[in-house]
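Residue 1 is where the sequence shown starts when you use full-length UniProt numbering, and the numbers rise one by one after that. Worksheet for the structure shown next.
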Amino acid sequence: MPKNSKVVKRELDDEVIESVKDLLSNEDSSDDAFKKSELMVDDQEEKDVDVEEGSDVEDERPAWNSKLQYILAQVGFSVGLGNVWRFPYLCQKNGGGAYLVPYLILLLIIGIPLFFLELAVGQRIRRGSIGVWNYISPKLGGIGFASCVVCFFVALYYNVIIGWSLFYFSQSFQHPLPWDQCPLVKNSSHTFVEPECEKSSATTYYWYREALNISSSLSESGGLNWKMTICLLAAWVMVCLAMIKGIQSSGKIMYFSSLFPYVVLLCFLIRGLLLNGSVDGIRHMFTPKLEIMLEPKVWREAATQVFFALGLGFGGVIAFSSYNKRDNNCHFDAVLVSFINFFTSVLATLVVFAVLGFKANIINEKCVIQNSEKILKLLKIGNLSQDMIPHHINFSSITAEDYNLVYDIIQKVKEEEFDSLGLKSCQIEDELNKAVQGTGLAFIAFTEAMTHFPASPFWSVMFFLMLVNLGLGSMFGTIEGIITPIVDTFKVRKEILTVICCLVAFFIGLIFVQRSGNYFVTMFDDYSATLPLLIVVILENIAVTRIYGIDKFMEDLKDMLGFSPSQYYYYMWKYVSPLVLLCLLVASIVQMGLSPPGYNAWIEDMATEEFHSYPTWGMIVCISLMVLAILPVPIVFMVRRCNLIDDSSGSLASVSYKRGRIIKEPVNLEGDNTSLIHGKSPSEVPSPNFGKNIYRKQTGSPTLDTAPNGRYGIGYLMADMPDMPESDL
């Protein structure tokens, strides 16, 4: 090679660089792709920088302070009130320990795979639910909006339950507890027990009359319950303050709100196991009834519980994972959080039935004493012969076993007259078989059991503080499922949006703190989420496996994780999970059609619940909830399909995050027109700025497909390639 070859090469390189600069400053005016984007070029560097892999831009999006904080956030969102008051009920109702078998099978088939899918798309695209599904296919962008609507509906009534828990928490700092005894009513002549309480129980009366002051029907609003209104306001203030800075504020609270319930559950388990009768409750709980396991209803309810326990479809899972680093092992996170959720449900079931076993034992002892007194009276008046009673029986200190022995003897001897004697079979299993769930478990059955605890106010404070924390953990994820997608999509300040969202939700939520509010909670719980979320998750699965492409998604996972996920997930996502979800959707529709739509109303005079059908306007509300929740999907599809909205409006542009502030990207509609159309010469076109990186920032273009690449919170433009499938954009 000649001696001056290096000099010649350097000169040629300089000419190439100058040529590139000339091209950049005098580009062809017909290049629409360039004209409709703002080119930002940072100073030259020797190395090529791929924006997709760059860290400078990635750091602009808020991130978790630690992996532990993120895991606690996901655990707090997935582990909620349903783990404490829904799972134990289903376990008892559907075969005891045998119920765990279909639950685990369905956790592996639909739970973990779909949870992993949501974690992966959120982490890969780094957007909320709206941005994620817009990225995969703009026509399916309605999936994200539907998730936001469902989150809003659920948040409306879920925070009411937190308000109820706050009320009971505030009333627990007194001894004896206010729901320990029935109140006395005084009149001019004498004092007597409140009839409504005497016909039911002290805890039942306190719940329906003192706490809710409930009306007799849905149509009878009865005005606002001011005690619950204040509690609801307090609950929304707590949520607002925790969420106002996004994960920077809520993430720190997760250390307490996610871990404290486990401390309480373990304390309750230890205390419960020391109580008389707790072992009977646990034995009853986990005695498998294998014949029930074969019923289709058991599998349907297990699938529904798996689905909702992990928070699938809400958008909270996607929102939380979008703040992760791109190389985070989301597969490990999916398996870990899923099994933490499962073992939490089992732990809560142990606690609930240890305590309910203790309660059943107390009720059974009272039953034995009352019926033993009846037998003594029957012996005195001669209706029963003393010869029937075994000699070792001592009625002054009779045990449950001895009473049952006497009961069986009398039943055999006095077979024809037995019903007229009025004796009851005092079996602890009969009491444990009374299935209780939801508010009936938390605010009546469990509350009644705690009144028999030594130092009952302490345990009551701990229990309701645990419920508040379980509810807040789920609320954080639910609100994040609303806030993050809207901030990413519409470029509004997170603080302002959070305050507005909480204020609007509080004022709408006033319908739940009327005297008839409990009936509206039941309505929203039954109709606002179940079917819409199933449809959302089915569409999510289709969007990833069919539209985006399962093979491409598996390659993305390999790129993110550093290893190829098991082919098990490939077949689950592509074949098994969609099929199971469709079956679950059909079964849920059939079940909803067969079950008469209605609610259990509390009748004051009878002091009992009575089933009422919804009035016509109530049915309209129920149907409207389901329709409104899923309506964004077809609307967005038709809008995109028919090009009814010009994408150049920039309304769906992306967001940059810098120093905790939202930076709105400028949209210059005039600059979007090509210079030749307006008679401008190439020299009039602004030259690009120079810096370190080269990437194109979206300002709106009708001729370009926008890929809202949510990974960095900055939108990139991709050249329009007619041959490229929509999923690649």
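Cβ coordinates follow ideal geometry from the N, Cα and C atoms, glycine included. Values in this document were obtained by computation on a predicted structure and should not be read as measured data.
Secondary structure, alpha helix (DSSP H): runs of 4+ residues fully inside the segment 69–93
81–85, 87–93
Start-to-end residues for the alpha helix (DSSP H) that takes in Trp-133:
Along the sequence shown, read from residue 1 onward, the residue named residue 133 stands at position 133. Counting along the chain, the alpha helix (DSSP H) containing Trp-133 begins and ends at 129–136.
From the DSSP secondary-structure annotation, give me the bridge partner or partners of Ser-396.
On the sequence shown, residue 396 is found 396 positions in, with the first residue counted as 1. Bridge partners of Ser-396: none, in fact.
Going by DSSP in three states, Phe-314 sits in which element: helix, strand or coil?
Here the question's residue 314 lines up with position 314 in the sequence shown. In the structure shown, Phe-314 sits in coil (DSSP, three-state: anything other than H, G, I, E or B).
For Thr-349, which of helix, strand or coil comes out of DSSP?
Position 349 of the sequence shown, counted from the first residue, corresponds to residue 349. Here Thr-349 sits in helix by DSSP.
6 Å CB neighbourhood of Met-466 in its chain, flanking five on each side removed:
Counting from 1 along the sequence shown, the entry for residue 466 is found at position 466. Taken in chain order, the residues that qualify are Pro-261, Val-264.
Check this for me: beta carbons of Phe-286 and Gly-96, under 8 Å apart or not?
Within the sequence shown, residue 286 is the residue found at index 286, counting from 1. Within the sequence shown, residue 96 is the residue found at index 96, counting from 1. For Phe-286 and Gly-96, yes; Cβs fall inside 8 Å.
Could you tell me if Cys-367 is buried or exposed, where buried requires 16 or more neighbouring beta carbons within 10 angstroms of its beta carbon?
In the sequence shown, the residue the question calls residue 367 occupies position 367. Per the 10 Å Cβ criterion, buried.
Where DSSP assigns a beta bridge to Tyr-569, which residues make up the other side?
Here residue 569 corresponds to residue number 569 of the sequence shown, with the count starting at 1. Beta-bridge pairing links Tyr-569 to no other residue.
For Met-560, count the other beta carbons within 10 Å of its own beta carbon; 16 or more makes it buried, fewer makes it exposed. Which is it?
Mapped onto the sequence shown, residue 560 falls at position 560. The residue in question, Met-560, is buried, as its Cβ has 16 or more Cβ neighbours within 10 Å.
Helix, strand or coil for Ser-613? Go by DSSP, reduced to three states.
As a working mapping, residue 613 is identified with position 613 in the sequence shown. If DSSP states are grouped into helix, strand and coil, Ser-613 belongs with the strands.
Check whether the Cβ atoms of Ile-318 and Glu-118 lie closer than 8 Å to each other.
By one-based count along the sequence shown, residue 318 stands at place 318. By one-based count along the sequence shown, residue 118 stands at place 118. Taking 8 Å as the Cβ cut-off, Ile-318 and Glu-118 qualify as a contacting pair.
Comparing C-alpha positions only, which one of Ser-322, Phe-308, Val-521, Asn-329 sits nearest to Gly-598?
In the sequence shown, residue 598 corresponds to position 598, counting from 1. Nearest option by C-alpha distance: Val-521.
For Lys-494, the three-state DSSP class (helix, strand or coil)
Position 494 of the sequence shown, counted from the start, is the residue given in the question as residue 494. Three-state DSSP puts Lys-494 in a helix.
Contacting residues, own chain, Cβ-Cβ under 8 Å from Val-298 (five flanking each side not counted)
Here residue 298 corresponds to residue number 298 of the sequence shown, with the count starting at 1. Asn-94, Gly-95, Tyr-99, Pro-102, Ile-292.
Can you check whether the CB of Ala-242 is closer than 8 Å to the CB of Lys-162?
As a position in the sequence shown, residue 162 is number 162, starting the count at 1. As a position in the sequence shown, residue 242 is number 242, starting the count at 1. Note that residue 162 corresponds to Ile in the displayed sequence, not to Lys. Not in contact: Ile-162 and Ala-242 (Cβ atoms no closer than 8 Å).
Measure the CB-CB distance between Gly-251 and Gln-427 and report whether it falls below 8 Å.
The residue given as residue 251 occupies position 251 in the sequence shown. The residue given as residue 427 occupies position 427 in the sequence shown. No, the Cβ-Cβ distance between Gly-251 and Gln-427 is not below 8 Å.
Option nearest Thr-530 by Cα separation, candidates Leu-584, Met-554, Glu-555, Phe-446:
Sequence index remark: in the sequence shown, residue 530 carries index 530 (1-based). The option with the nearest alpha carbon to Thr-530 is Leu-584.
First and last residue of the alpha helix (DSSP H) that includes Trp-179?
The residue you call residue 179 lines up with position 179 of the sequence shown. Unbroken run through Trp-179: none, as it is neither H nor E.
To the nearest angstrom, how far is it from the Cα of Arg-209 to the Cα of Ala-202?
Walking along the sequence shown from the start, residue 209 turns up at place 209. Walking along the sequence shown from the start, residue 202 turns up at place 202. Answer to the nearest angstrom: the Cα atoms are 10 Å apart.
If Trp-64 sits next to Asn-324, beta carbons under 8 Å apart, how far is it from one beta carbon to the other, in whole angstroms?
As a working note, residue 64 is residue 64 in the sequence shown. As a working note, residue 324 is residue 324 in the sequence shown. Right, their Cβ atoms sit about 7 Å apart.
Quick check on Lys-186: does DSSP put it in helix, strand or coil?
Within the sequence shown, residue 186 is the residue found at index 186, counting from 1. Looking at Lys-186 - three-state DSSP - the assignment turns out to be strand.
Compute the beta-carbon to beta-carbon distance between Ser-129 and Pro-485, rounded to the nearest angstrom, for a pair I have assumed lies under 8 Å.
Start at 1 with the first residue of the sequence shown, and residue 129 comes out as number 129. Start at 1 with the first residue of the sequence shown, and residue 485 comes out as number 485. At roughly 5 Å, the Cβ-Cβ gap stays under 8 Å, so Ser-129 and Pro-485 are in contact.
Among residues of its own chain, excluding the 5 on either side of Lys-289, which ones have a beta-carbon nearer than 7 Å to its beta-carbon?
Sequence index remark: in the sequence shown, residue 289 carries index 289 (1-based). Answer for Lys-289: Gly-95, Gly-96, Ala-98, listed in chain order.
What are the start and end residues of the alpha helix (DSSP H) that includes Val-536?
Indexing the sequence shown from 1 puts residue 536 at position 536. Start and end: 530–542.
Apart from the five residues on each side of it in sequence, which residues of its chain come closer than 8 Å, Cβ to Cβ, to Ser-564?
For the purposes of this step, residue 564 is identified with residue 564 of the sequence shown, where counting begins at 1. The answer, listed in chain order, is Met-554, Leu-557, Lys-558.
Inspect the CB distances between the segment 500–520 and the segment 84–92 and report whether three or more fall short of 8 Å.
no
Report yes or no: do three or more beta-carbon pairs, one from the segment 158–178 and one from the segment 460–474, lie closer than 8 Å?
yes
If Ala-120 and Cys-267 are in contact, beta carbons under 8 Å, what's the gap, nearest whole angstrom?
Indexing the sequence shown from 1 puts residue 120 at position 120. Indexing the sequence shown from 1 puts residue 267 at position 267. Contact flag wrong, Cβ pair sits at about 37 Å.
Host beta strand (DSSP E) of Asn-600 (start-end):
One-based indexing of the sequence shown puts residue 600 at position 600. It spans 598–603 - the beta strand (DSSP E) in which Asn-600 sits, taken as one unbroken run.
Whole angstroms is fine: what's the gap from Asn-364's alpha carbon to Asp-526's?
For this step, residue 364 is matched to residue 364 along the sequence shown. For this step, residue 526 is matched to residue 526 along the sequence shown. Rounded to the nearest angstrom, the two C-alpha atoms are 34 Å apart.
Residue closest to Ala-587, alpha-carbon to alpha-carbon, out of Val-160, Val-355, Thr-304, Phe-256:
Taking the first residue of the sequence shown as 1, we reach residue 587 at position 587. The residue with the shortest Cα to Cα distance from Ala-587 is Thr-304.
Just mark residue 732 as buried or exposed, buried being the case when its beta carbon has 16 or more other beta carbons within 10 Å.
The question about residue 732 has no answer here: the residues shown for the chain are numbered 1 through 729.
Whole-angstrom C-beta distance between Asp-280 and Asn-394, which should lie under 8 Å:
Indexing the sequence shown from 1 puts residue 394 at position 394. Indexing the sequence shown from 1 puts residue 280 at position 280. Contact flag wrong, Cβ pair sits at about 23 Å.
Rounded C-alpha distance that separates Asp-419 from Ala-400
On the sequence shown, position 419 is the one that residue 419 refers to. On the sequence shown, position 400 is the one that residue 400 refers to. Rounded to the nearest angstrom, the two C-alpha atoms are 21 Å apart.
Contact set for Glu-53: own chain, Cβ-Cβ below 7 Å, skip 5 residues either direction:
What you label residue 53 is simply residue 53 of the sequence shown in a count that begins at 1. Reliability of the predicted coordinates at Glu-53 is poor, the pLDDT of 40 falling under 50, and no value is obtained from them.
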